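Count the sequence shown with mature numbering (1 follows the signal peptide of the UniProt record, and there is no 0) and you get residues -19 to -1, 1 to 545, in order. What follows is a set of notes on a single structure, which appears directly below.
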Amino acid sequence: MRILIFIFILFFLAFYAFAQQSNFTVTVPWAQSILPFFQPQQIEVPQTQAQPIIVPQPSQIQPPQPPQPVQISVFGEQLFLGRFATEQFTGFNPDYQIAIGDRITVRMWGAFQYEGTLTVDPQGNIFIPQVGPIYVLGVRNAELNNVIESAVRKVFKNIVGVYASLETAVPVKVFVTGFVRNPGLYGGLSSNSILYYLDRAGGVDPQRGSFIDITVLRGNMIRKKVNLYDFLLNGKLELIQFVDGDIIFVAPKKKTFSVTGEVFNPFQFEFDGEYITGREAMRLSKPKPGATHITVTRKQGLEKYTEYYSLDEIDRVIIYDGDEITVLSDRYPGTILVRVEGAHMGPHALILPYGATLGDALPKIVPNVRSNLEAIQLFRKSVAQRQKEMILVSLQQLQSYALTGRAETQEEATLRTKEAELIMRFVEVAKTVEPKGQVVLGSLEEAKNTLLEDGDIIRIPEKTSVVMVHGEVRFPKTILYQPGKRLKYYIEQAGGFTQRANKSVIIVLHQNGKFEDGDKATIQPGDEIFVLPKIEAKRIEIVRGITQILYQIAITARVLLLAW
């Protein structure tokens, strides 16, 4: 038994030493350079004749995240981005009304001389020696000097001069508390606006604080109530003369409703009270000129209701806490605008009734001597968008093929790296191609029943006597059309195929948008011949993917890309 154990230990040590001498590290650098979440793993594999080197699969791929609900911005949160906190206000405000705690500088000369800074007491008075108390509470700043001078004249008549002014640029410290981002004690000037101190405190917390209920307290008494909606909507902000120890308190958020859709102010708004009228909600959100209707989504307990109103009925709409309003433009199209381009002599824009067909537009088109109405072309934005989407889907599949391959040797992994880089460059170029959105009409008689859409472009091609050859031919050129000649003739006239030509994938595009395979096509004047390149790659998915994309782009955009 001991002998068997000793032999087993010797065998294990010999195997471990062999593994240490023959192991190596396999990595995937090309995948890491293409996608950031592909992280190569180092795997030690014994190098034997029987076991190939396997490039590890990508790891730690982030799972798809569930869609997040769209967050609606709070009306007013754009105020507090640091713009107010960086500027001080020291100007003269003639409409400011004197309040308790304000500091007034008084200078007197002549028969009686006096200079001092007086504070307005709780009774609204300032006290001047030899004169007595003078009531200044509520006096406009512009009238302050006249009021004090009149009181002094009652004692000293005309033998004493008086000058009085409100101290506006006095350094003060103000408490900012409540539902702000950074409550605290902040220094500034007595003449600074409330926005300055709120901005210093990080602004109103948009999730918890109120923009319509902000209070300035002085000595535990309410000095001023501020509604920031007045400033945002009407530009009104009453300036306050702050003193040391003033408190700015931001109350909790009130009841809210949100507005989206055809409005200039798509935000969440606050209101005070049990409800708000629909007209007031529209005043805050500012509907766009094209808006016609609203939907009100209301949640009550476990149930959700949706109501639909015309803007003409807005006076009878009541909005409650938590309601969601969507402003719509429910207009039925009455007419459509169609552009006309190409070889014609008529107007370049046609106004047609909704539901009009190409047959309704043709009588309004004035052809010229070179117009080829049999090859009339129709281009549509929605078709171009759909063609673009399909190209992007194909490009995404190609990326997936390029980045998820396996390699059995380090040399093959290096080749895959270069191949993937070339594919990614091709993908980036292909993304920039914009399809034309051409609708294939066929013959003119068949096309007359085609419904037109707003924004369509009708193009009248010119009659021509040439055929164009593109792609993998020696001399891409324009060749004079020869009746009865087949595809082979035009290829030969262009110098024949190049070595990279894919002779099995040749496209013939006619002027009217139809396309045919090269061998079966009947060449007509104005045709374009596309000879696609042969794709050289190790994997059939890559070859098939690039060929399909080149085919799509050639048909939808009438251009031929080089693979690499």
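Note that beta-carbon positions come from the ideal geometry of N, C-alpha and C, so glycine has one too. Given the structure is predicted, the values throughout are model-derived calculations rather than measurements.
{"Check": "As assigned by DSSP and simplified to three states, the class of residue 89", "Outcome": "strand"}
{"Check": "CB of residue 444 within 7 Å of CB of residue 351, strictly", "Outcome": "yes"}
{"Check": "DSSP state of residue 101 mapped onto helix, strand, coil", "Outcome": "coil"}
{"Check": "Residue from 204, 366, 57 and 273 with nearest C-alpha to residue 537", "Outcome": "366"}
{"Check": "Three-state secondary structure assigned by DSSP to residue 116", "Outcome": "strand"}
{"Check": "Reduced DSSP category for residue 579 - H, G, I as helix; E, B as strand; rest coil", "Outcome": "Summary: the structure shown does not reach residue 579, with the chain confined to residues -19 through 545, and so no result is reported for it."}
{"Check": "Alpha-carbon to alpha-carbon, residue 473 and residue 501", "Outcome": "17 Å"}
{"Check": "Cβ pair count under 8 Å reaching 3, the stretch 295 to 305 against the stretch 275 to 286", "Outcome": "yes"}
{"Check": "Contacting residues, own chain, Cβ-Cβ under 7 Å from residue 315 (five flanking each side not counted)", "Outcome": "335"}
{"Check": "6 Å Cβ shell around residue 298 - same chain, five flanking residues per side excluded", "Outcome": "259 and 290"}
{"Check": "Burial state of residue 178 (16 or more Cβ within 10 Å)", "Outcome": "buried"}
{"Check": "The ligand MG heavy atom lying under 6 Å from the CB of residue 428", "Outcome": "Of ligands this structure carries none, so the ligand MG is not represented either."}
{"Check": "Cβ-Cβ distance between residue 112 and residue 136 below 7 Å", "Outcome": "yes"}
{"Check": "Endpoints, the alpha helix (DSSP H) within which residue 440 is located", "Outcome": "Careful: residue 440 lies outside any alpha helix (DSSP H), inside the beta strand (DSSP E) at 438 to 441."}
{"Check": "Where residue 46 falls, given that 16 or more other Cβ within 10 Å makes a residue buried", "Outcome": "Unreliable placement is indicated for residue 46, whose pLDDT of 49 sits below 50; the coordinate value is still reported in the next sentence. It is exposed - the Cβ of residue 46 has fewer than 16 other Cβ atoms within 10 Å."}
{"Check": "DSSP three-state assignment for residue 481, whether helix, strand or coil", "Outcome": "coil"}
{"Check": "Entirely enclosed alpha helix (DSSP H) segments - the stretch 310 to 363, minimum 4 residues", "Outcome": "339 to 342"}
{"Check": "For residue 387, the nearest candidate out of 120, 397 and 378 (CA to CA)", "Outcome": "397"}
{"Check": "Through-space distance from residue 221 to residue 93, alpha-carbon basis", "Outcome": "33 Å"}
{"Check": "Cα-Cα separation between residue 207 and residue 66, rounded to whole angstroms", "Outcome": "18 Å"}
{"Check": "Rounded separation between residue 101 and residue 140 - CA only", "Outcome": "26 Å"}
{"Check": "Between the CA atoms of residue 428 and residue 507 - distance to the nearest angstrom", "Outcome": "19 Å"}
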